[in-house]
Amino acid sequence: MVGVCDSRSLLVVDDVATKGMKDSFLMEICRAKSSGSSLASLLSLGQCQIFKDSEMMDKIIDIAGHLGRSTGLAVVDCSASSETVSILKQAVGLGCCIVLANKKPLTCGIEAYEKLISNFRCIRFESTVGAGLPVIASVNRVLASGDPIYHIVGSLSGTLGYVMSEVEAGKLFSKVVQEAKSLGFTEPDPRDDLSGMDVARKALILARLLGRRINLNDIKVDSLYPDELGPNSMSTEDFLSSGLSSVDRDFQEKVRAASLKGKVLRYVCMIEGSRCEVGLQELPKDSPLGRLRGSDNVVEIYSRCYKDSPLVIQGAGAGNDTTAAGVLADIIDLQDLFQ
Numbered sequence: 001m002v003g004v005c006d007s008r009s010l011l012v013v014d015d016v017a018t019k020g021m022k023d024s025f026l027m028e029i030c031r032a033k034s035s036g037s038s039l040a041s042l043l044s045l046g047q048c049q050i051f052k053d054s055e056m057m058d059k060i061i062d063i064a065g066h067l068g069r070s071t072g073l074a075v076v077d078c079s080a081s082s083e084t085v086s087i088l089k090q091a092v093g094l095g096c097c098i099v100l101a102n103k104k105p106l107t108c109g110i111e112a113y114e115k116l117i118s119n120f121r122c123i124r125f126e127s128t129v130g131a132g133l134p135v136i137a138s139v140n141r142v143l144a145s146g147d148p149i150y151h152i153v154g155s156l157s158g159t160l161g162y163v164m165s166e167v168e169a170g171k172l173f174s175k176v177v178q179e180a181k182s183l184g185f186t187e188p189d190p191r192d193d194l195s196g197m198d199v200a201r202k203a204l205i206l207a208r209l210l211g212r213r214i215n216l217n218d219i220k221v222d223s224l225y226p227d228e229l230g231p232n233s234m235s236t237e238d239f240l241s242s243g244l245s246s247v248d249r250d251f252q253e254k255v256r257a258a259s260l261k262g263k264v265l266r267y268v269c270m271i272e273g274s275r276c277e278v279g280l281q282e283l284p285k286d287s288p289l290g291r292l293r294g295s296d297n298v299v300e301i302y303s304r305c306y307k308d309s310p311l312v313i314q315g316a317g318a319g320n321d322t323t324a325a326g327v328l329a330d331i332i333d334l335q336d337l338f339q
């Protein structure tokens, strides 16, 4: 590893051609970030240079130009920013590999997306869908065998999975969301989860893997709150204290209606033919999705070979450790290209 970047600065070894960051120094970086300190605070250790603002991007491109084609340098994006697309495209053009936990570059406009993945064998993005679960790898493997995938359905939000299973147990929707926020399961504004847009981005990534040339606005998204409770209408505090409770009765009725049919509510993505949508679905209690509990993710893949009994991938779909494991596995996988 020759450099680490956060939103404010880039820390780079003083000679990228011959040196890498030692494990002990990487541990210091982890400790500094965990305590809220900046990367600049590590300059006193004397092993690196620091770059800020526009210098950061220039330096990354400079390093990519020197090491990209000769070493297969991997540029790893674990941010949640849409502003990294340009530099990632430049890095790819300079021969670098790309590893993504950030969904935004893969859900930009279709033309920019196709340029980014033009050298598909040098890009990995397992952690964008299902954290460390092998969802992307499984889809790619099925497709590589010549087995056409007809249908994918999945619960891809640990937050919404937790909310659905708790509401099914009889708790009020508003109370469950407040509880999820207090446990750290949601974004600072839970509407970022409840809007369904995060699930929509994951659905778009999967749909594009299947060859669908669609954009984010082509996906039908069912939000779990009405427009009048949106960020443009009220603050997060008002949403949690009073707005959210206004949908409790409607949610209880939906849960009851599903239960009378022997079904449960799950927030899922569904990709079939030209159809791609995310939202609440009534599903059989004894199905893989119906049996889902807590914050686990589950994905069902239906293809010619997996027509009657789908390929099911299930497990922890959130968390720093699982996401980091997925990123590391992608980096190691790319190493094989340069052995």
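Residue numbers for the sequence shown follow the UniProt record's numbering, beginning at 1 and rising by one. Here a beta-carbon is modelled for each residue, glycine too, at the ideal position from N, C-alpha and C. Quick caveat, the model's predicted, so the values are computed rather than measured.
Taking the beta carbon of residue i as the centre, do at least 16 other beta carbons fall within 10 Å, making it buried, or is it exposed?
i	result
L260	exposed
G146	exposed
I63	buried
I86	A small correction: the amino acid at residue 86 is Ser; Ile does not occupy that position in the sequence shown. Exposed.
P226	exposed
E300	buried
R121	exposed
L289	buried
Q335	exposed
D58	exposed
R275	exposed
D286	exposed
Q96	Per the sequence presented here, residue 96 reads as Cys, with Gln not at that position. Per the 10 Å Cβ criterion, buried.
D308	exposed
N297	buried
Assign residue i to one of three DSSP states: helix, strand, or coil.
i	result
V327	helix
E83	coil
S246	helix
C78	coil
C122	helix
K171	coil
A318	coil
K103	coil
V59	The sequence shown places Lys at residue 59, not Val. Reduced to three states, the DSSP call for K59 is helix.
V163	helix
K115	helix
Where does the unbroken beta strand (DSSP E) through residue i begin, and where does it stop?
i	result
S303	D296 to S303
S150	Contrary to the premise, residue 150 reads as Tyr rather than Ser in this sequence. Looking at the DSSP string, the run of the beta strand (DSSP E) that includes Y150 is I149 to S155.
V4	G3 to C5
Taking 7 angstroms as the limit between beta carbons, can you name the residues of its chain near residue i, skipping five residues before and five after?
i	result
G20	M1, V2 and V13
D193	S157, T159, L160, T186 and E187
Q178	L240
E277	I219, K220 and M270
For residue i, which beta-bridge partners are listed by DSSP?
i	result
C276	I271
Q49	V12
I98	V75 and I123
I313	V299
V221	V278
May I ask which residues mark the beginning and end of the alpha helix (DSSP H) holding residue i?
i	result
Y306	No alpha helix (DSSP H) holds Y306; DSSP gives it neither H nor E.
C108	It is not in any alpha helix (DSSP H) - C108 carries neither H nor E in the DSSP assignment.
N140	V135 to A144
A200	M197 to L209
D23	D23 to S34
L194	R191 to L194
Here's a check: name, in chain order, each residue in its chain whose Cβ is nearer than 6 angstroms to the Cβ of residue i, leaving out the five neighbours to either side.
i	result
L311	I301
D189	T236
Less than 8 angstroms between C-beta atoms, sequence neighbours within five positions excluded: which residues of the same chain meet that for residue i?
i	result
L10	G3, V4, L39, I50, F51, K52, E55, M56, K59 and I60
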